[in-house]
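Line by line, the protein sequences are chains A and B.
Residue 176 in this note's numbering is what sits at position 173 of the first sequence, and the numbering runs on without skipping anything.
Residue 125 in this note's numbering is what sits at position 122 of the second sequence, and the numbering runs on without skipping anything.
Even glycine gets a Cβ: it sits at the ideal position worked out from N, Cα and C.
Input: a single structure, listed below in structure tokens.
There are 2 protein chains.
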Amino acid sequence: MSEAVDVVIREAIPDDARELLQLSRQVSIETEYLVMDETGMDLTPEMLAMHLENLYESANNLLLVAFVNDQLVGNASVKSSQEHRVAHIGEVGISILKEFWGIGLGSLLMEEILYWAQESQVIRRLELTVQAQNERAIHLYEKVGFKLEATMARGARDNQGAFLDVHLMSLMID
Amino acid sequence: MSEAVDVVIREAIPDDARELLQLSRQVSIETEYLVMDETGMDLTPEMLAMHLENLYESANNLLLVAFVNDQLVGNASVKSSQEHRVAHIGEVGISILKEFWGIGLGSLLMEEILYWAQESQVIRRLELTVQAQNERAIHLYEKVGFKLEATMARGARDNQGAFLDVHLMSLMID
Numbered sequence: 004m005s006e007a008v009d010v011v012i013r014e015a016i017p018d019d020a021r022e023l024l025q026l027s028r029q030v031s032i033e034t035e036y037l038v039m040d041e042t043g044m045d046l047t048p049e050m051l052a053m054h055l056e057n058l059y060e061s062a063n064n065l066l067l068v069a070f071v072n073d074q075l076v077g078n079a080s081v082k083s084s085q086e087h088r089v090a091h092i093g094e095v096g097i098s099i100l101k102e103f104w105g106i107g108l109g110s111l112l113m114e115e116i117l118y119w120a121q122e123s124q125v126i127r128r129l130e131l132t133v134q135a136q137n138e139r140a141i142h143l144y145e146k147v148g149f150k151l152e153a154t155m156a157r158g159a160r161d162n163q164g165a166f167l168d169v170h171l172m173s174l175m176i177d
Numbered sequence: 004m005s006e007a008v009d010v011v012i013r014e015a016i017p018d019d020a021r022e023l024l025q026l027s028r029q030v031s032i033e034t035e036y037l038v039m040d041e042t043g044m045d046l047t048p049e050m051l052a053m054h055l056e057n058l059y060e061s062a063n064n065l066l067l068v069a070f071v072n073d074q075l076v077g078n079a080s081v082k083s084s085q086e087h088r089v090a091h092i093g094e095v096g097i098s099i100l101k102e103f104w105g106i107g108l109g110s111l112l113m114e115e116i117l118y119w120a121q122e123s124q125v126i127r128r129l130e131l132t133v134q135a136q137n138e139r140a141i142h143l144y145e146k147v148g149f150k151l152e153a154t155m156a157r158g159a160r161d162n163q164g165a166f167l168d169v170h171l172m173s174l175m176i177d
């Protein structure tokens, strides 16, 4: 890291599509900690750009991008359904390039998510899944108030095929 | 119910698209018990037919249809991701027209799912969500071996907007 660090966090816009696809590829190579699919990340840049436009307009979906010195180094998402029965539930995902772990980006992104959720007037429950071995992430989620709801046996598999426990955590928004 | 009941359970094929869309609409009017989205059920019949063809070919996705006297009265699905880390996890959903509850169709469909999962050589964990108030369904799931992993606060909402607890249940396949 250079001495002068310029951090920008904002909502993603269609023009971010190309960089987001690059970020997604690099993150998926760097870490085995991912559990969920990265919805949209197998699209072409053009299709992802359209998807980003819809996200930007959505009341219960959010995609944040984090830049350090103008480089896209992380993102955070809240995904929700349009179905009435579950539209108040937002699923949180955060991914950050390994080189930029440990400098507080995860906390910044999570604070933005919580602020957005409280302002949304739609989201009443945030939930996320995280590998039980990912202690750094779990510590962050607990710090901002997420509580363990379940440990899911065989909730994921590592690259060698071994089963991993996955935590389901949630946070009520009032 | 008439006296002679002819029950057929088989995998869905593209020609079932139109009837499946009708079934989905009727079930969603009849019951407040649904939690999950019905993926694909907002498609046109033509697009759903293409989706059904892909499902039919998939090693870790299943859609069963149940006919009583040649009428489509229910379906059961197992949905899985193509992502390596979670491709062994199948999410189970069953829906049956209210008029045909209580005659054992749910058990029949679940038995077929378990048999298919055991034969799949891919599925190693089945999971499902069910409203905590849906005692009839929970009883069925427990009967075939599903265990409670979590009670998710605000896991769904009823038509009046009140929050409902939702159970997360799972069954390991070995």
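In terms of alpha-carbon separation, which member of B:L65, B:V8, B:R157 lies closest to I92 of chain A? B:R157
Taking M113 of chain A and S173 of chain B to be in contact with their CB atoms under 8 Å, please state how far apart those CB atoms are, rounded to whole angstroms. Their Cβ separation, rounded to whole angstroms, is 28 Å, which puts M113 of chain A and S173 of chain B out of contact at 8 Å.
Is it right to say H87 of chain A is buried, meaning 16 or more other beta carbons lie within 10 angstroms of its own, or is it exposed? exposed
Three-way DSSP call (helix, strand, coil) for L75 of chain B in this model: strand
Residues sharing a beta bridge with L151 of chain B, DSSP: B:M172
Rounded distance between the beta-carbons of I126 of chain B and V95 of chain B, thought under 8 Å: About 10 Å; that fails the 8 Å criterion.
Judging by CA-CA distance, which residue of B:D9, B:I97, B:I12, B:F70 is the nearest neighbour of S31 of chain B? B:I97
List, in chain order, every chain B residue whose beta-carbon is nearer than 9 Å to that of H87 of chain A. R160, N162, G164
Who are the neighbours of E3 of chain B on chain A, taking C-beta pairs under 9 Å? For chain B, the structure presents residues 4 to 177; residue 3 of chain B sits outside this window and is missing.
Cutoff 6 Å; reference E33 of chain A; Cβ partners in own chain excluding five residues on either side: K101
Can you say whether Q124 of chain A is buried or exposed, counting buried as having 16 or more other CB atoms within 10 angstroms of its CB? exposed
Please list, in chain order, all residues of the same chain as S15 of chain B whose beta carbon is under 6 Å from its beta carbon, the five residues on each side excluded. According to the sequence as given, residue 15 of chain B is Ala; it is not Ser. Cβ neighbours of A15 of chain B beyond the five flanking positions: L55, L66, V68.
To which residues does DSSP link I99 of chain B through a beta bridge? B:G77
Cβ neighbour criterion (16 or more within 10 Å) applied to A140 of chain B: buried
Between the C-alpha atoms of A2 of chain A and E22 of chain A, what's the straight-line distance to the nearest angstrom? There is simply no residue 2 of chain A to check, as chain A begins at 4 and stops at 177 in what is shown.
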